[in-house]
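Below is one structure; the comments refer to it alone.
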Amino acid sequence: MDDRKPTSDLLDWMGIKSAPDWRVARPLGPLLSLLLTLLFIGAIAAAFSVIWHTVTNAFGNAADGPSLGAGAMIAALLGAPFVIWGTVLRHQTLRYQKEGHITDRITSAVEQLGAEKNVDRIGRPVTIWTGTPVQVSCGAESKDKYLQEPRSTVMGSEWSQRYNESTDEVWEGRLYDIYTWPTEKTIIQWQGEEVSLEGTDRVGKVGAWQVFTESVPNIEVRIGAILSLERIAQDSTMYDKGRDHVRVMEILCAYVRENSPAGKAPDFAFPQGCNQDSIEEKRKSTLKWLSNEFTLRADVQLALSVIGRRTREQVRVEKGHLSQDGTGYRVDLSRTNLRYADLQYLNFENATFFRSQMQVAFCKGANFKGANLVHCELTGVSAENADLSNSKMEIADFSYATLTGANLCGCKVSHTHFVRTNLRSAQLRFRENVRNTEVKRAFFIDSDLKGALIGGDLLGVVFSPRILQDEKIPRDVYGVGFQECRVAGQRRIFGNTHHESAIPVDWLRNTFGDASVILTEGMDRPTHWPDWRLPSQGDHSFSTEWCKWQANPEGYVPPPAPAD
3 MDDRKPTSDL LDWMGIKSAP DWRVARPLGP LLSLLLTLLF IGAIAAAFSV
53 IWHTVTNAFG NAADGPSLGA GAMIAALLGA PFVIWGTVLR HQTLRYQKEG
103 HITDRITSAV EQLGAEKNVD RIGRPVTIWT GTPVQVSCGA ESKDKYLQEP
153 RSTVMGSEWS QRYNESTDEV WEGRLYDIYT WPTEKTIIQW QGEEVSLEGT
203 DRVGKVGAWQ VFTESVPNIE VRIGAILSLE RIAQDSTMYD KGRDHVRVME
253 ILCAYVRENS PAGKAPDFAF PQGCNQDSIE EKRKSTLKWL SNEFTLRADV
303 QLALSVIGRR TREQVRVEKG HLSQDGTGYR VDLSRTNLRY ADLQYLNFEN
353 ATFFRSQMQV AFCKGANFKG ANLVHCELTG VSAENADLSN SKMEIADFSY
403 ATLTGANLCG CKVSHTHFVR TNLRSAQLRF RENVRNTEVK RAFFIDSDLK
453 GALIGGDLLG VVFSPRILQD EKIPRDVYGV GFQECRVAGQ RRIFGNTHHE
503 SAIPVDWLRN TFGDASVILT EGMDRPTHWP DWRLPSQGDH SFSTEWCKWQ
553 ANPEGYVPPP APAD
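When the letters of the sequence shown are read in order and numbered with the working numbering, they come out as residues 3 to 566.
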């Protein structure tokens, strides 16, 4: 099958390219240069010969007069350098005009990215008293004096009696509770919206309803600007070797970071961070955070889509754009608010999402290979069949995420939380535990691991699946496959040697593995495990035997080792 790319235009079809590749057939360059030099020397010699012949004929006794053809040739020879120089100047002028045109297109699109429009809304100023109030109880005679203090009001009263021991008198009257707040702030309450109060805050003053003119982003114009930048990046890749592609990607990434920053994300009703003390609180979460109403702005969503749907040629250009550390360009979406973002089937390979808020994002089939997800909040993310291989996941939270069929091979984990995460049929291959000193690498708490393929070094990884009542072996680990991994071993912590097993030996009866799984002395291998290392391909490959055991656990018979 012919997979050649179609020609882009007529000139390309004719073999005339605007940007030829001079790197091919390099030995022909010196040969062509020598040939052109010989032709030029020959032309000069012929010109002098014609001039000499014309002069001798004009002033000699020859019958023939001056040759008009020779004169035309001499004029052409003298004018040739000027014609060539003019052609060079016109070519340079055209190139500068093209570069200026692209610069003007980028400048115009960037200006449109900041487009705003005025919108009239009905609202009223509301003064909110903030901070912890100071409480004073006084009688009617002192009430007015305390109420003269700013941000003071009566919060209640009650009839009271007090006995004065020095005068032996009983005072009887009404006591008023007066609260005074230390600070205040003024906000605009828009018609149809409620005022949000926190803690001990209280509404102090309410103004009259009036019309306010508010400047808001002009989403329609900004969407057009983003699409224009996408076209510029595509044209640059096709016709200009991607000269402006990386520049456009930097503009779009900066736009997302500035217009959807993580620091301005609303509160999320779920424990933040990966502190070990928060695991129990996450386990008991009532899923109220699912009702959080948040919609990513349309222009920000489009910018993410444009970044994520880059072509292979655009990605190749990025890899060739070397930075100071010698690596290619990386999409930088760090410290962004991407909650509920639609990232399905988009390409974010090697992208940076450091400290981003990505809760409940839709990432089905997305490519996060080699991405930086350090300190990311990915609670409730939907990432079925996503590629997360070789990504950095230190202090990242995947609690309540759906990672069925996802690829997590080679990920770097440390204090990574997988609380009640759906990992059915996922692939997990952990990196080597260097010197057996890494602890608390990842926490799989109440996670569903049915049918998952686990490999690598499991020391330091905590598996604590949910165990139902009257259940000895958790059903959430049924059908797990272990290949090329170390399930148990010895670790040295503070100079002391400790025996550790990531999976209890009893649970292995409901799993599948082969001789590539490393166990410690005293741990018996299940009888249904083959006693030899299964190949990756062939009739008795690991995947084939694993599927056979899953289809008929009771009747499965492991294949014998092949004869040497």
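Yeah, the Cβ is synthetic: ideal placement off N, Cα and C, and Gly gets one too. All figures in this text were calculated on a predicted structure; none of them were measured in a lab.
Query, Result
"Residues that DSSP places opposite C411 in a beta bridge", "R431"
"Host alpha helix (DSSP H) of A504 (start-end)", "A504 -> no alpha helix (DSSP H), and no H or E assigned at all."
"C-beta contact flag for M360 and E379 at 8 Å", "yes"
"CB-CB length for R337 against R259, believed under 8 Å", "7 Å"
"Span of the alpha helix (DSSP H) around W548", "544 to 553"
"As assigned by DSSP and simplified to three states, the class of H417", "coil"
"Close Cβ partners of S466 (< 6 Å) along its chain, the five nearest in sequence each way excluded", "I447"
"A398 and L410 closer than 8 Å at C-beta", "no"
"Bridge partners - E196, DSSP secondary structure assignment", "Answer by DSSP bridge pairing: none, since E196 is not bridged."
"Residues that W161 bridges to, as DSSP identifies them", "R176"
"Alpha carbon of Y241 to alpha carbon of H247, nearest angstrom", "11 Å"
"Start and end residues, beta strand (DSSP E) containing S217", "212 to 219"
"Buried versus exposed call for P537 [16 or more other C-beta atoms within 10 Å across all chains shown]", "exposed"
"Residues that DSSP places opposite Q359 in a beta bridge", "N339, E379"
"For R426, the first and last residue of its enclosing alpha helix (DSSP H)", "Taken as a continuous stretch (DSSP letters only), R426 belongs to no alpha helix (DSSP H), as it is neither H nor E."
"Per-residue burial, M3 [other beta carbons within 10 Å of its own, 16 or more giving buried]", "Any reading at M3 must be qualified, since the residue scores a pLDDT of 45, below 50, and its modelled position is unreliable; the value itself is stated next. Label assigned to M3: exposed."
"Which of helix, strand or coil DSSP assigns to G557", "coil"
"Contact between the stretch 137 to 155 and the stretch 176 to 187 (3+ Cβ pairs under 8 Å)", "yes"
"Where Q303 falls, given that 16 or more other Cβ within 10 Å makes a residue buried", "buried"
"Residue burial classification, V319 (beta-carbon count within 10 angstroms, cutoff 16)", "buried"
"The stretch 216 to 234 / the stretch 101 to 115 touching (three or more Cβ pairs under 8 Å)", "yes"
"Inter-residue CB distance, T354 and L335 (contact presumed, cutoff 8 Å)", "6 Å"
"Identity of the residue in F296, R126, H542, I505 nearest D526 by Cα", "I505"
"Check whether G483 and L461 have beta carbons under 8 Å apart", "no"
"Own chain residues within Cβ distance below 7 Å of Y558, not counting five before or after", "H530, K550, W551"
"Close Cβ partners of R107 (< 6 Å) along its chain, the five nearest in sequence each way excluded", "I234"
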